[in-house]
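Residue numbers (UniProt numbering), protein chains in the order written: chain A, 1 to 169; chain B, 1 to 169.
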């Protein structure tokens, strides 16, 4: 048996986005319990030249929906990156999952051989769909989930590896 | 065309470990340039209850080699988690890659259906090999690479997303 391009992308992204939603729910509960302001967490980052938590969520959304768009050809919705609250970020995640769930396995036929070119500043790679998914889209996606988790831990939010791995979903 | 369990694991892990080795090389160069002591970076962490950089490297090694052992049945080497220098961590990574490269695609035959049980404290999941790889092994592996990257950024080491994604390898 082997894995389809669909199996290695859509359900994996949906699962990761659900993990991210759960991490944000726990962060919001922590903020409320502490009587703190949400923005202190949403704008927290690991380094001055890294993106804050809210942008990590936006990039996880983009990485998943743009990857699926590039592989399947099904146009993804555009979002404006204007989320400034936990509720808005949860809505962004929900909208992303809703799009992902509109794409079915048959729409990934031939996606492994599809040529995908990126324009990432100085980095302008050209991949097969298979290499794009395994060496670019998935590492990037997990980067944003793990970095969001790292920001929350760094800020003292009581979440951990079991939350990241989805064992508490 | 579809993806083999081998393709989604061994080359992906080898690539990620090479990225990690590259991040450590850049961290070591930074430490030397700053006239700092390596231990300040190797023992750095994002939260008091998270593992330091050296242990993130050890866990990335373990996640990759244990995943491949569980899926292929090819026994992985045991390491003692006693690395305390950049050189020793590089050696750990090299030894892990050397093991991964001994396993070939044919040894993954049937791995997608293999039943894999884990004993992770309170979390005792039972997976098919396919679900184990996609929902546990890969997210875990990228957790450690991304967290190592986050620690380095948090410590002011001049690395970035292009390094993480392997664009500078």
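Here a beta-carbon is modelled for each residue, glycine too, at the ideal position from N, C-alpha and C. Computed from a predicted model, the values in this text were never measured in an experiment.
| Item | Value |
| --- | --- |
| Contact set between residue 15 of chain B and chain A, taken where Cβ atoms lie within less than 8 Å | 135 |
| Cβ-based neighbour list, residue 86 of chain B, same chain, cut-off 7 Å, excluding 5 preceding and 5 following | 24, 28 and 38 |
| Residue 158 of chain A classed as buried or exposed, judged by whether at least 16 other C-beta atoms fall within 10 angstroms | exposed |
| Straight-line Cα distance separating residue 145 of chain A from residue 51 of chain A | 12 Å |
| Status (buried if at least 16 other CB within 10 Å, exposed otherwise) for residue 112 of chain A | buried |
| Complete runs of the alpha helix (DSSP H) confined to the stretch 20-79 of chain A [at least 4 residues] | 38-42 and 53-72 |
| CA-to-CA distance, residue 119 of chain A to residue 168 of chain B, given in whole angstroms | 15 Å |
| Stretch-stretch touch, CB-based, cutoff 8 Å, three pairs: the stretch 61-72 of chain B with the stretch 131-142 of chain A | no |
| Interface residues of chain B facing residue 12 of chain A [CB-CB closer than 9 Å] | 134, 135, 138 and 139 |
| Rounded C-alpha distance that separates residue 126 of chain B from residue 114 of chain B | 10 Å |
| Beta-carbon proximity of residue 71 of chain A to residue 129 of chain A, cut-off 7 Å | yes |
| Integer Cβ distance of residue 83 of chain B from residue 54 of chain B, believed to fall under 8 Å | 6 Å |
| Neighbour-count burial assignment, residue 16 of chain A, 16 or more Cβ in a 10 Å radius | buried |
| Same chain, Cβ closer than 7 Å to residue 10 of chain B, neighbours up to 5 away in sequence not counted | 68, 100 and 103 |
| C-beta contact flag for residue 155 of chain B and residue 44 of chain B at 7 Å | yes |
| Where residue 168 of chain A falls: helix, strand or coil (DSSP) | coil |
| Pick from A:164, A:151 and A:165 that is closest to residue 47 of chain A, judged by C-alpha positions | A:151 |
| Through-space distance from residue 93 of chain B to residue 153 of chain A, alpha-carbon basis | 26 Å |
| Alpha carbon of residue 7 of chain B to alpha carbon of residue 105 of chain B, nearest angstrom | 8 Å |
| Proximity of residue 2 of chain B and residue 3 of chain A at Cβ, strictly below 7 Å | yes |
| C-beta neighbour in chain A for residue 153 of chain B, strict 7 Å | yes |
| Nearest-angstrom beta carbon gap, residue 148 of chain B and residue 20 of chain B [assumed within contact, 8 Å] | 6 Å |
| Chain-ordered chain A contacts of residue 8 of chain B [CB-CB under 7 Å] | 3, 8 and 134 |
| Exposed unless 16 or more other CB atoms sit within 10 angstroms - verdict on residue 143 of chain B | buried |
| First through last residue of the alpha helix (DSSP H) which encompasses residue 136 of chain B | Here residue 136 of chain B belongs to no alpha helix (DSSP H), and DSSP marks it neither H nor E. |
| Residue burial classification, residue 163 of chain A (beta-carbon count within 10 angstroms, cutoff 16) | buried |
| Cβ-based contacts, 8 Å cut-off: residues of the stretch 76-99 of chain A near chain B | none |
| Interfacial residues, the stretch 46-68 of chain A to chain B, with Cβ spacing under 8 Å | 46, 47, 49 and 50 |
| Residue 58 of chain A classed as buried or exposed, judged by whether at least 16 other C-beta atoms fall within 10 angstroms | buried |
| Min CB distance residue 127 of chain A to chain B below 7 Å | no |
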